[in-house]
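My numbering puts the first residue of the sequence shown at 28, with every later residue one more than the last.
Cβ atoms here follow ideal geometry from the backbone N, Cα and C, with glycine treated the same way.
Working notes, structure below.
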Amino acid sequence: MQLDQALIAKHLDRHPYPLLFVTMSGAHLYGFPSIDYDYDLRGCHVTPADDMLRLAPPRETYDTLDRDKPIEMDLVTHDARKFFLMLLKKNGYVLEQICSPIVIHETPGYRELLELAPKCLTRHHHYHFDSFAKSQWESVAGPDNGTVKGLLYTYRPLMAGIHLMRERKVQSNIVELNKGFGFSFIDELVERKVTGAERQEIGSADMEFHREQFEKLRAELNEASEASGLPDTPSRELKQALDDLLIRLRNGTA
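Next up, the structure:
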């Protein structure tokens, strides 16, 4: 799907701080954009050192939603310090943002961060993916109100988490993930989602099938974590490397 780069650039130009990177998240990243899609832009900015020293601290998160354009723009960025701390706290969300293949804006500092990000991976990252899937199941994919969209947002993090634990690589696109899983029902759900039937409800009989699949994948994710051999925490050397990168970003030398 072709992105409107000129439209995105005008939106990013209004950001008050230098951008380290911006990537595409949401349904575009996950592999099932709708017909009436919007742009979910996520990234990291660098607050200048002088602003960090003021009496009134700058806000760490810049969040703007623009509905006035032909395509709705949702942009969220965090200051580099907050972003790096989130990365060290086993936050799979920011890990997927860094590793998104749909890069909108990049810098040399981002390419350094991209090299460091996989080294943040621990076996406890599986909690992020499991928790997200569980909350989606309970809120939008439960047996009383299951929808095509809700099921996809439930299955995707489970499949992404299993892949991450086994392969130690970030893959967020459910179509690509399913090449390894081979679930025919995933292909069917994606087809229904991208052709406009995302809010179509799933019958109770089918939802019982999906409940079984959901529980199986949760168990598989837990088993993959236990067998991963990944560390419990990021290394001291990694923390030092991120600290060094942060200082150079603040000083404008990265």
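Each residue's CA atom was taken as its position, placing Arg183 and Leu257 some 22 angstroms apart.
With respect to Arg226, Thr174 sits close: the two C-beta atoms are nearer than 9 angstroms. Excluding its 5 nearest sequence neighbours in each direction, Ser252 has C-beta neighbours in its own chain below 6 angstroms: Arg150, His153 and Met192, listed in chain order.
The straight-line gap separating the alpha-carbon atoms of Asn278 and Asp271 is approximately 11 angstroms. If you look at Val103, you'll find it in the beta strand (DSSP E) that goes Met100 to Asp106.
Inside the region 89 to 150, DSSP marks whole beta strand (DSSP E) runs of 3 or more residues at positions 100 to 106 and 130 to 132, from first to last along the chain. The beta carbon of Leu122 sits closer than 8 angstroms to those of Leu114, Ala144, Cys147, Leu148, His152 and Val197, all from its chain and outside the five residues before and after it, given in chain order. Burial is judged here by how many other beta carbons sit within 10 angstroms of a residue's own beta carbon; Met79 has fewer than 16 and is exposed. The continuous beta strand (DSSP E) containing Thr50 extends over residues Leu46 to Met51. A contact between stretches requires three or more CB pairs, one per stretch, nearer than 8 angstroms, and the region 33 to 49 meets this requirement with the region 80 to 99. Take the alpha-carbon of Thr74 and the one of Ala83: they are about 13 angstroms apart. Check the Cα spacing between Leu185 and each of Gly223, Val221 and Lys243: the tightest is with Lys243.
Taken in chain order, the complete alpha helix (DSSP H) segments of 4 residues or longer contained in the region 198 to 247 are 201 to 208 and 211 to 221.
DSSP places Thr260 outside both helix and strand once states are collapsed to three, so it counts as coil.
Membership of Leu82 in any alpha helix (DSSP H) is not indicated, and neither H nor E is assigned to it by DSSP. Annotated three-state conformation of His152 is helix, per DSSP. Contact fails between the region 154 to 166 and the region 259 to 267, because fewer than three Cβ pairs, one in each stretch, are under 8 angstroms apart. Leu68: member of the beta strand (DSSP E) spanning Tyr66 to His72, first to last residue. Taking C-beta atoms as the reference points, Asp31 and Ile98 count as a pair closer than 9 angstroms. Counting only the Cα atoms, His237 lies some 10 angstroms from Ser231.
The three-state secondary structure of Thr181, taken from DSSP, is helix. Boundaries of the alpha helix (DSSP H) harbouring His38: Gln32 to Leu39, taken from the DSSP string. Under the criterion of beta carbons closer than 8 angstroms, Leu276 and Leu47 qualify as touching, at roughly 7 angstroms.
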